[in-house]
Amino acid sequence: MKTIGYAAQTAGAPLVPFTFERRPLRPNDVAMEILYCGVCHSDLHTARNDWGWTLYPAVPGHEIVGRVTEVGSAVSRYKVGDAVAVGCLVDSCQECDHCHHGEEQFCSNGRTDTYNSPDRISGAITYGGYSKHLVVREEFVLRVPEGLDLAKTAPLLCAGITTYSPLRTWNVGPGSRVGVIGLGGLGHMAVKLAIGLGAEVTVMSRTKDKAADALALVQFQPTSCSSGGSCSQP
Ligand SMILES: [Zn+2]
Ligand SMILES: [Zn+2]
369 MKTIGYAAQT AGAPLVPFTF ERRPLRPNDV AMEILYCGVC HSDLHTARND
419 WGWTLYPAVP GHEIVGRVTE VGSAVSRYKV GDAVAVGCLV DSCQECDHCH
469 HGEEQFCSNG RTDTYNSPDR ISGAITYGGY SKHLVVREEF VLRVPEGLDL
519 AKTAPLLCAG ITTYSPLRTW NVGPGSRVGV IGLGGLGHMA VKLAIGLGAE
569 VTVMSRTKDK AADALALVQF QPTSCSSGGS CSQP
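If you count the sequence shown from 1, position 20 lands on 388 in my numbering, and the numbers rise without skipping.
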């Protein structure tokens, strides 16, 4: 499938429109039209080759929300029209210890990042969410719960999970005290998530400029979501 995105062609040039092919669907693939994609600082590091491993052209974007347009013959969890999301990973071996423990990011056989990473089967370099369409294997597609604003959902896919993961790892809940250092892209997510989990939250910042925002977030009323996926604002 032909699609269009924005690519960095070199470390020094602005991103420019870039036409490329998304792969034909494998049996376990989901195709989606991308509706929103967050901007993560990792996108900028990649575009500018700050880490020294960028392969050009590079299409960044790993906070992706869209709607399913087609599914492969073996896909069981999604159907055309579903609201779905994709984060930082698009594949892993699914067979090693790490994969079996839900830690695909540490896959012993090498994870596949959403962009700038070789596809496990074809070896083609992955292109991310600064584009119109995406094809991803079913296991790395997430369902967006009914009732969420799709544009506001996108940043949950990297900034959100980066802060949600440690809060869950350390069983944060009622009675927990959480300190958040820095109220930026990730920090404000951490505040909202920790409050949503029932913790007492303290924000630490180098300046007083963010005090009002921090207090507004601390008074934030969490949206409650059932495990079935429906959400409501109290
Ligand atoms: Zn990111
Ligand atoms: Zn693995």
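Just so you know, even glycine gets a beta-carbon here, dropped at the ideal spot from N, CA and C. Because the structure is a prediction, the values reported are computed rather than measured.
Distance, residue j Cα to residue i Cα
i           : j           : result
residue 419 : residue 410 : 10 Å
residue 465 : residue 378 : 38 Å
residue 556 : residue 522 : 15 Å
residue 441 : residue 502 : 17 Å
residue 394 : residue 470 : 23 Å
residue 515 : residue 485 : 33 Å
residue 373 : residue 528 : 24 Å
residue 387 : residue 444 : 30 Å
residue 547 : residue 520 : 24 Å
residue 402 : residue 504 : 12 Å
Residue from the options whose Cα sits closest to the Cα of residue i
i           : options            : result
residue 474 : 556, 460, 437      : 460
residue 417 : 479, 509, 381      : 381
residue 567 : 535, 387, 549, 454 : 535
residue 493 : 575, 468, 389, 527 : 389
residue 543 : 503, 565, 408      : 565
residue 462 : 496, 454, 478, 450 : 478
residue 518 : 561, 488, 548, 450 : 450
residue 530 : 552, 541, 515      : 552
residue 456 : 402, 571, 496      : 496
residue 507 : 549, 472, 369      : 472
Close Cβ partners of residue i (< 8 Å) along its chain, the five nearest in sequence each way excluded
i           : result
residue 452 : 398, 400, 433, 434, 435, 436, 446, 509, 510, 511, 512
residue 415 : 376, 379, 383, 422, 426, 428
Cβ-Cβ separation, residue j to residue i (assumed contact under 8 Å), whole Å
i           : j           : result
residue 448 : residue 439 : 7 Å
residue 408 : residue 498 : Incorrect: roughly 11 Å between the Cβ atoms, too far for contact.
residue 430 : residue 482 : 4 Å
residue 559 : residue 579 : With 8 Å as the limit, residue 559 and residue 579 do not qualify as a contact, their Cβ atoms being about 13 Å apart.
residue 532 : residue 554 : At roughly 10 Å, the Cβ-Cβ gap does not stay under 8 Å, so residue 532 and residue 554 are not in contact.
residue 525 : residue 454 : 7 Å
Cβ-heavy atom distance, residue i to ligand 2, below 8 Å
i           : result
residue 477 : yes
residue 507 : no
residue 456 : no
residue 499 : no
residue 485 : no
Cut-off 7 Å between Cβ atoms - residues of its own chain near residue i, not counting five sequence neighbours on either side
i           : result
residue 392 : none
residue 488 : 459, 480
residue 596 : With a pLDDT of 48 at residue 596, under the threshold of 50, the modelled position of that residue is not reliable, and the figure given next carries that caveat. Correct list: empty, nothing qualifies.
Ligand 1 heavy atom lying under 8 Å from the CB of residue i
i           : result
residue 526 : yes
residue 481 : no
residue 411 : yes
residue 463 : no
residue 431 : yes
Nonlocal neighbours in the same chain, by C-beta distance under 6 Å from residue i, ignoring five residues either side
i           : result
residue 545 : 568
residue 541 : 565, 566
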